[in-house]
Amino acid sequence: MLLYIKTRTMKTKLIILFLVVSTTLSVKAQVIRSIEMSKTAYNNANDSLHYIANEFADSVGKLLKYHHPARVGQTYVKLDFDQKTKLFTLTYYAELERCTMNGYDWYFEHIGALSVDKSLSAARKDAFTRLKIQEAERKQKFHKVFGNYGDAGGYHSDSAETGKGFWVIYEKFIVAR
């Protein structure tokens, strides 16, 4: 049903209102904080390199509460190997964005796996398989504890070659909304 507007003033007001609303909805989210954490080590003995993921998730969770209401925006994980120093560097990054009260994230966690193999495809397969097992378990836990399960950026992966083999990391960042 079309609405017939009698006066020119009403038409003008309606057009201005439409422009304001459409502009507001099309503006990109404002990044209010970014966080990056890195850890460097010679290997992943006792999960020492991948341990930074837990510290990162805790930090992002605390920042979500501090900047409430906020949601997790862009995320990534990066794995590098320096051939000269023989050191691995694992880096995690996330941006927090301002949002409305009905769109905020209130719990942040990571699931992931770091694998090494002589074959890149075997290392990828192993890391991804272990990630999927963790994801199924965590999804069930999230639904039980929080009532929902949200995805913050999908799957992230990276790899590094050492000359003796390939290291592959798969990560997924999850949130309760």
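Numbered by my numbering, the letters in the sequence shown go through residues -17 to 159 in order. Built from N, CA and C at the ideal position, the CB exists for glycine as well.
Distance check for residue j and residue i, CA to CA, integer angstroms please.
{"i": "ARG106", "j": "LYS114", "result": "12 Å"}
{"i": "PHE155", "j": "ILE93", "result": "6 Å"}
{"i": "TYR86", "j": "PRO51", "result": "5 Å"}
{"i": "ARG80", "j": "LEU45", "result": "12 Å"}
{"i": "THR67", "j": "LEU31", "result": "16 Å"}
{"i": "ASP29", "j": "GLU37", "result": "13 Å"}
{"i": "HIS49", "j": "SER101", "result": "43 Å"}
{"i": "HIS125", "j": "THR(-9)", "result": "51 Å"}
{"i": "SER20", "j": "ILE151", "result": "14 Å"}
{"i": "PHE128", "j": "ASN84", "result": "15 Å"}
{"i": "GLN160", "j": "ARG15", "result": "This structure gives no information on residue 160, because the portion of the chain shown stretches from -17 to 159."}
{"i": "THR22", "j": "ASN130", "result": "35 Å"}
{"i": "ARG112", "j": "TRP149", "result": "14 Å"}
Report the CB separation of residue i from residue j in whole angstroms; it is logged as a contact under 8 Å.
{"i": "ALA171", "j": "ALA109", "result": "A question about residue 171 goes unanswered here, because the residues of the chain that appear run from -17 up to 159."}
{"i": "GLU153", "j": "HIS138", "result": "5 Å"}
Are the CB atoms of residue i and residue j nearer to each other than 9 Å?
{"i": "THR82", "j": "GLY135", "result": "no"}
{"i": "PHE90", "j": "VAL13", "result": "no"}
{"i": "GLY132", "j": "VAL98", "result": "no"}
{"i": "ARG53", "j": "ARG120", "result": "no"}
{"i": "LEU78", "j": "ILE34", "result": "no"}
{"i": "GLY55", "j": "ALA27", "result": "no"}
{"i": "TRP88", "j": "LYS123", "result": "no"}
Between the Cα of residue i and the Cα atoms of the options, which residue gives the shortest distance?
{"i": "GLU18", "options": "ASN26, PHE124, ALA39 and ALA27", "result": "ALA39"}
{"i": "TYR24", "options": "ARG15, GLY43, LYS123 and PHE70", "result": "PHE70"}
{"i": "TYR75", "options": "SER101, VAL42, ASN84 and PHE124", "result": "VAL42"}
Would you verify that the beta carbon of residue i is, or is not, closer than 9 Å to some beta carbon of chain B?
{"i": "LEU113", "result": "In the structure shown, chain B cannot be found, because there is only a single protein chain."}
Considering only heavy atoms of the ligand NAD, does any lie closer than 8 Å to the CB of residue i?
{"i": "ASN36", "result": "Judged by which ligands are present, the structure shown has none, so any question about the ligand NAD falls away."}
Are the region 53 to 67 and the region 140 to 150 touching, with three or more C-beta to C-beta distances below 8 Å?
-> Segments in contact, yes.
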